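Enquirer: Protein chains in written order, with our numbering: chain R, 46 to 279; chain W, 46 to 279; chain L, 46 to 279; chain A, 46 to 279. Just dropping this structure here.
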């Protein structure tokens with residue numbers, strides 16, 4: 046093992062953090078991280094139980110070709126999806142889960158609406174859901190096309206991936222991202238928590254008005270960007 | 046104890062795995078495994094607290110006659126149901142639970158619909174529910190008839206037990222199976238998780254369209270069968 | 046401490062079992078047990094954190110007069126309710142909780158219907174809910190009257206307390222009982238589990254038909270009474 | 046560190062108790078306590094992970110001016126809300142959370158109705174929800190105005206903050222208070238539990254009648270005030 050030693054260690058630890066978050070059932074889910082200067086990203090191998098993983102099992106993949114750069118383990122079957130997201134979005138890490146409530150929203154083909162300040166502290170908009178994929182998109186390059194329909198949806202809605210670091214893939218589940226793989230996992234956790242809140246709101250008061258835009262903007266901008274005043278000075 | 050020493054050990058460990066999965070309340074639930082060459086299966090004894098079990102307490106039962114082959118403990122009261130499933134389905138282990146959400150679907154007499162890729166990764170169809178049993182079926186050979194109405198339902202729907210490794214018995218609860226007792230427990234866990242997803246979908250969007258068949262087939266076949274590419278090469 | 050040493054020890058341990066069951070929030074809940082030959086029952090003291098309890102803190106109360114027989118601690122404020130239940134029902138222990146889902150049914154003034162075999166294995170009927178209490182019943186002898194409206198409800202419905210070992214008090218919460226305080230705690234746990242099942246059924250399929258009486262009777266009688274065949278021979 | 050050594054220790058421990066209660070996701074939430082004689086309150090710093098906190102990190106703030114009295118850490122961004130509550134209400138500690146179900150009620154803009162004795166044992170009325178804030182209130186002195194709309198709502202409803210030790214801020218989440226920071230945390234925990242009960246009642250029986258006032262008053266007064274008889278004599 047010569048390539049990406051530190052990145053493999055980070056990706057390993059972020060996959061373990063995903064397990065500790067309680068978002069994982071079985072072998073579902075995976076985390077990756079990118080090193081753009083080196084032209085590669087590193088991702089969990091496919092179908093290996095989390096308890097059996099070690100840092101050296103993490104698989105390095107070329108950002109240019111999508112092929113494995115070293116080792117004999119197959120990368121996650123969702124690797125082509127990660128690749129398309131790294132190409133389209135300026136992020137450092139990606140986490141994919143089948144977490145319970147977010148996956149239910151994906152199956153219900155409903156966005157996770159921004160209904161309050163908890164949401165606005167992390168996501169500056171609704172968390173969108175992709176359109177169903179066509180027969181052709183599923184039959185050829187299915188996982189790559191999964192990434193492309195995510196990017197298409199962000200384009201349609203003119204969303205900024207830094208302000209909206211997550212998405213629901215219809216009838217599949219959530220992807221989240223961040224500046225590094227640990228932030229990606231944090232966003233996956235928060236996305237699930239926000240789905241729980243929104244699910245309860247829909248069962249309590251399906252027609253309640255949305256919060257005002259100025260409240261959402263206030264909360265997003267008090268944590269993010271030049272005017273942020275949440276947390277300690279860096 | 047001379048019979049089926051290794052199978053008893055496996056069945057004991059699979060019953061303990063069922064407890065660790067969180068699917069068990071009280072003494073509900075049981076796991077069995079079959080040795081077709083030896084003409085027997087081994088099952089948990091009836092009504093013994095899980096914490097008091099040991100491998101030697103597991104009860105060997107004849108596949109031909111359904112009678113206990115060795116020892117003094119009574120087998121699970123659901124033993125005749127397991128027997129009928131082993132006779133009809135080509136599986137190696139069976140797990141029965143009263144897990145919360147799957148049991149609620151059984152009481153609501155609703156199938157767990159296949160609403161997404163999480164479901165399709167494990168079950169290649171909806172998870173069906175049996176018809177209510179008649180007075181005669183309940184009053185005589187009740188547990189055996191429970192097995193027969195499961196087999197009847199699979200026949201009506203032309204389901205393949207390998208592609209649909211689980212069922213809901215109306216007003217009772219789920220049975221799941223697999224190539225061995227550990228896979229049976231894994232399928233029981235997944236069935237409960239899928240019930241949780243489907244319950245939330247029904248509360249969120251009862252009329253949402255089903256996913257396309259080609260998406261379901263793609264996910265089932267990427268994990269199962271000759272074209273599978275999920276996981277590592279064996 | 047001279048009175049009821051063994052009974053205090055049992056009641057202490059049953060109260061601890063109640064905490065371990067996860068049914069307790071704060072100081073809510075209490076367990077008692079009766080010694081009819083000695084003319085007394087023993088109950089948890091009022092408002093003492095569970096973590097600070099010891100067996101000697103358990104309070105012995107006269108079955109005849111309802112007064113404390115020894116010590117300086119006040120018994121649970123619900124003591125007069127337990128007293129009326131011991132007078133009316135032939136049971137050995139009583140557990141009271143504010144467990145989440147059962148309490149919600151009590152607040153919704155809905156019975157926990159018998160919707161399947163999980164319920165019928167423990168309770169041979171719906172778990173009933175009392176009528177709201179009058180202003181007079183609340184203003185004078187409130188806790189005693191709580192016991193009396195339970196007994197009234199069982200009379201109206203001709204219920205057998207051995208076949209239906211639990212009840213919901215409207216706008217309050219559940220009481221459960223059994224042959225000893227540990228069975229009472231087990232029934233309180235099962236009552237909460239059955240409430241969870243029934244809550245999900247009501248959200249999934251509010252109009253689904255009830256199970257047939259012959260199925261309910263089969264399951265109750267396979268575990269209870271002269272024809273029981275569940276569990277091991279005693 | 047010279048100021049408020051003991052109060053910092055208490056506030057630190059109460060923040061840790063908040064984490065242990067399970068009400069915290071990420072860095073959400075904060076607890077404070079007041080020393081009115083010293084003219085200050087002490088609050089958690091902003092955006093520091095709970096696991097990295099120590100008592101000396103707690104920030105003392107002037108009750109008169111709202112400014113930090115010692116140290117270099119920024120106080121919680123919600124500090125001006127706490128300040129307004131200390132000015133208006135006679136309480137010793139305040140806890141703020143984004144706990145799941147209470148936050149969903151805040152997003153649904155629904156009060157947590159008093160539906161039974163569990164509620165009445167802690168809160169002598171419905172737990173109210175504030176009105177949405179105006180653009181001006183959000184754009185200038187947002188956190189201070191959050192406190193003022195809470196106080197406004199208590200005035201409109203003629204609520205006594207000692208009898209109703211908690212509130213929901215619309216599209217934000219709950220605040221709770223008590224005689225000290227530990228009671229504030231206990232009330233935050235109870236508020237969440239009551240939200241869970243009320244959420245289930247609304248999904249089960251949205252039109253069920255409210256409990257009678259005399260039942261609510263009986264339960265609140267048996268635990269609080271001169272006639273209290275719950276718990277042990279002090």
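We treat Cβ as the ideally placed atom computed from N, Cα and C, and that holds for glycine. Quick caveat: nothing in here was measured; it's all calculated off a predicted structure.
Going along the chain, which residues of its own chain have a beta-carbon closer than 6 Å to the beta-carbon of residue 185 of chain A, five neighbours each way excluded?
Expert: For the purposes of this step, residue 185 of chain A is taken as the residue at position 140 of the fourth chain. Closer than 6 Å at Cβ, skipping near neighbours: no residue.
Enquirer: Please list the partners that residue 277 of chain W has in chain R, where partner means a Cβ-to-Cβ separation under 8 Å.
Expert: In the second chain, the residue the question calls residue 277 of chain W occupies position 232. What residue 277 of chain W touches in chain R: 90, 91, 92, 93, 118, 119.
Enquirer: Since I believe residue 221 of chain R is in contact with residue 229 of chain R (beta carbons under 8 Å), could you give me their beta-carbon distance rounded to a whole number of angstroms?
Expert: The residue given as residue 229 of chain R occupies position 184 in the first chain. The residue given as residue 221 of chain R occupies position 176 in the first chain. Right, the Cβ-Cβ distance comes to about 6 Å (below 8 Å), so this counts as a contact.
Enquirer: Flag residue 74 of chain R as yes if its beta-carbon sits less than 7 Å from any beta-carbon of chain A, otherwise no.
Expert: Walking along the first chain from the start, residue 74 of chain R turns up at place 29. So no, residue 74 of chain R is outside the interface.
Enquirer: Counting only the same chain and skipping the five closest in sequence on each side, list residues whose C-beta sits under 7 Å from that of residue 199 of chain W.
Expert: One-based indexing of the second chain puts residue 199 of chain W at position 154. Excluding residues within five positions, the ones whose Cβ falls inside 7 Å are 206.
Enquirer: For a cutoff of 7 Å on Cβ pairs, would you count residue 194 of chain R as touching chain A?
Expert: Translated into the one-based positions of the first chain, residue 194 of chain R becomes position 149. No, no contact with chain A.
Enquirer: Taking the straight line between their C-alpha atoms, what separation do you get for residue 265 of chain R and residue 157 of chain A?
Expert: Translated into positions along the first chain, residue 265 of chain R becomes position 220. Translated into positions along the fourth chain, residue 157 of chain A becomes position 112. So the two alpha carbons sit approximately 27 Å from each other.
Enquirer: Using the C-alpha atoms, what's the distance from residue 48 of chain R back to residue 248 of chain R?
Expert: As a position in the first chain, residue 248 of chain R is number 203, starting the count at 1. As a position in the first chain, residue 48 of chain R is number 3, starting the count at 1. Distance between the alpha carbons of residue 248 of chain R and residue 48 of chain R is about 50 Å.
Enquirer: Do we get a CB-CB distance below 7 Å when we pair residue 20 of chain W with the residues of chain R?
Expert: Nothing in the structure corresponds to residue 20 of chain W, since chain W is present only between 46 and 279.
Enquirer: Does the separation of the CB atoms of residue 54 of chain A and residue 100 of chain A fall below 7 Å?
Expert: Residue numbering aside, residue 54 of chain A sits at position 9 when the fourth chain is read from its first letter. Residue numbering aside, residue 100 of chain A sits at position 55 when the fourth chain is read from its first letter. Yes. Within cutoff.
Enquirer: Start and end of the beta strand (DSSP E) containing residue 107 of chain L?
Expert: Along the third chain, read from residue 1 onward, the residue named residue 107 of chain L stands at position 62. 104-107 is the extent of the beta strand (DSSP E) around residue 107 of chain L.
Enquirer: For residue 237 of chain A versus residue 144 of chain A, is the C-beta spacing smaller than 7 Å?
Expert: Working through the fourth chain from its first residue, we reach residue 237 of chain A at position 192. Working through the fourth chain from its first residue, we reach residue 144 of chain A at position 99. Yes, the Cβ-Cβ distance between residue 237 of chain A and residue 144 of chain A is below 7 Å.
Enquirer: Using a Cβ-Cβ cut-off of 6 Å (strictly less than) and excluding sequence neighbours within five positions of residue 139 of chain L, which residues of its own chain qualify?
Expert: Numbered from 1 along the third chain, position 94 holds the residue referred to as residue 139 of chain L. Counting only residues of its own chain and dropping the five nearest sequence neighbours on each side, residue 139 of chain L has a CB closer than 6 Å to the CB of 77, 127, 130, 222, 229.
Enquirer: Using a C-beta cutoff of 7 Å, does residue 209 of chain W count as contacting chain R?
Expert: Counting from 1 along the second chain, the entry for residue 209 of chain W is found at position 164. No, residue 209 of chain W lies away from the interface with chain R (no Cβ there is under 7 Å from its Cβ).
Enquirer: Distance, Cα to Cα, residue 82 of chain A vs residue 56 of chain A?
Expert: Mapped onto the fourth chain, residue 82 of chain A falls at position 37. Mapped onto the fourth chain, residue 56 of chain A falls at position 11. Taking the straight line from one Cα to the other gives about 17 Å.
Enquirer: Within a Cβ cutoff of 8 Å, which residues of the same chain sit near residue 151 of chain A, ignoring the five residues on either side of it in sequence?
Expert: Taking the fourth chain and counting its residues from 1, one reaches residue 151 of chain A at position 106. Only 174, 213, 214, 215, 216, 217, 218, 219 meet the Cβ criterion.
Enquirer: According to the neighbour-count rule (16 or more other Cβ atoms, all chains shown, within 10 Å of its Cβ), is residue 97 of chain R buried or exposed?
Expert: Working through the first chain from its first residue, we reach residue 97 of chain R at position 52. Exposed: under 16 other Cβ atoms inside 10 Å.
Enquirer: For the ligand MG, any of its heavy atoms closer than 6 Å to the Cβ of residue 258 of chain W?
Expert: For the structure depicted, the ligand MG is absent and the ligand set is empty, with no information on it obtainable.
Enquirer: Under a Cβ-count criterion, where at least 16 other Cβ atoms within 10 Å of its own Cβ denotes burial, should residue 123 of chain A be classed as buried or exposed?
Expert: Taking the fourth chain and counting its residues from 1, one reaches residue 123 of chain A at position 78. With 16 or more other Cβ atoms within 10 Å, it is buried.
Enquirer: Is residue 120 of chain R buried or exposed, if buried means 16 or more other CB atoms sit within 10 Å of its CB?
Expert: The residue labelled residue 120 of chain R in the question sits at position 75 within the first chain. Counting Cβ neighbours within 10 Å, residue 120 of chain R comes out buried, since at least 16 surround it.
Enquirer: Between residue 110 of chain A and chain L, is the shortest Cβ-Cβ distance under 7 Å, so that the two count as touching?
Expert: Mapped onto the fourth chain, residue 110 of chain A falls at position 65. So, not an interface residue.
Enquirer: Just how far apart, CA to CA, sit residue 89 of chain L and residue 252 of chain R?
Expert: Looking up residue 89 of chain L in the third chain gives position 44. Looking up residue 252 of chain R in the first chain gives position 207. Using only the alpha carbons, I get a separation of about 46 Å.
Enquirer: Whole alpha helix (DSSP H) runs in the segment 245-269 of chain L with 4 or more residues, listed along the chain?
Expert: 258-268
Enquirer: Since residue 155 of chain W meets chain L, which of its residues come closer than 9 Å, beta carbon to beta carbon?
Expert: Your numbering for residue 155 of chain W matches position 110 in the second chain. Contact of residue 155 of chain W with chain L by beta-carbon distance below 9 Å involves 249, 250, 253.
Enquirer: Express the C-alpha separation of residue 204 of chain R and residue 167 of chain R in angstroms, rounding to a whole number.
Expert: Indexing the first chain from 1 puts residue 167 of chain R at position 122. Indexing the first chain from 1 puts residue 204 of chain R at position 159. If you take the alpha carbons of residue 167 of chain R and residue 204 of chain R, they lie about 14 Å apart.
Enquirer: Any C-beta of chain W sitting closer than 7 Å to the C-beta of residue 226 of chain L?
Expert: Locating residue 226 of chain L in the third chain gives position 181, counting from the first residue. It does not; no Cβ of chain W falls within 7 Å.
Enquirer: Residues of chain A with CB under 7 Å from residue 217 of chain L, in chain order?
Expert: Taking the third chain and counting its residues from 1, the one referred to as residue 217 of chain L is at position 172. Residue 217 of chain L reaches chain A at 161, 162, counting residues in chain order whose Cβ is nearer than 7 Å.
Enquirer: Rounding to the nearest angstrom, what Cα-Cα distance links residue 50 of chain R and residue 275 of chain W in this structure?
Expert: Here residue 50 of chain R is taken as the residue at index 5 of the first chain, counted from 1. Here residue 275 of chain W is taken as the residue at index 230 of the second chain, counted from 1. Cα-Cα distance, rounded: 25 Å.
Enquirer: Closer than 7 Å by beta-carbon distance: list the chain R residues that pair up with residue 274 of chain W, in chain order.
Expert: For this step, residue 274 of chain W is matched to residue 229 along the second chain. 122, listed in chain order.
Enquirer: Please determine, among A/194, A/87, A/110, A/93, the residue with the shortest C-alpha to C-alpha distance to residue 177 of chain A.
Expert: On the fourth chain, position 132 is the one that residue 177 of chain A refers to. Per the Cα distances, A/194.
Enquirer: For residue 226 of chain W and residue 59 of chain W, which I take to be in contact (beta-carbon distance under 8 Å), what is that distance rounded to the nearest angstrom?
Expert: In the second chain, counting from the first residue as 1, residue 226 of chain W sits at position 181. In the second chain, counting from the first residue as 1, residue 59 of chain W sits at position 14. So it is a contact: roughly 4 Å between Cβ atoms.
Enquirer: If you drop the 5 nearest sequence neighbours on each side, which residues of the same chain put their C-beta closer than 8 Å to that of residue 112 of chain R?
Expert: Position 67 of the first chain holds residue 112 of chain R. Closer than 8 Å at the Cβ level, and outside the excluded window around residue 112 of chain R, lie 106.
Enquirer: Taking Cβ positions only, does residue 83 of chain W come closer than 7 Å to chain L?
Expert: In the second chain, residue 83 of chain W corresponds to position 38, counting from 1. No - not a single Cβ of chain L is within 7 Å of the one on residue 83 of chain W.
Enquirer: Use the C-beta contact count for residue 85 of chain W: other C-beta atoms within 10 angstroms, 16 or more gives buried, fewer gives exposed.
Expert: For the purposes of this step, residue 85 of chain W is taken as the residue at position 40 of the second chain. Using a 10 angstroms sphere on the CB of residue 85 of chain W, the tally of other CB atoms reaches 16 or more, which defines it as buried.
Enquirer: Closest Cβ-Cβ distance between residue 263 of chain R and chain A: below 7 Å?
Expert: Working through the first chain from its first residue, we reach residue 263 of chain R at position 218. Cβ-Cβ to chain A under 7 Å: yes for residue 263 of chain R.
Enquirer: Checking the sheet assignment: what are the DSSP bridge partners for residue 213 of chain R?
Expert: Here residue 213 of chain R refers to the residue found at position 168 when the first chain is read from its first residue. Per DSSP, R/174, R/219.
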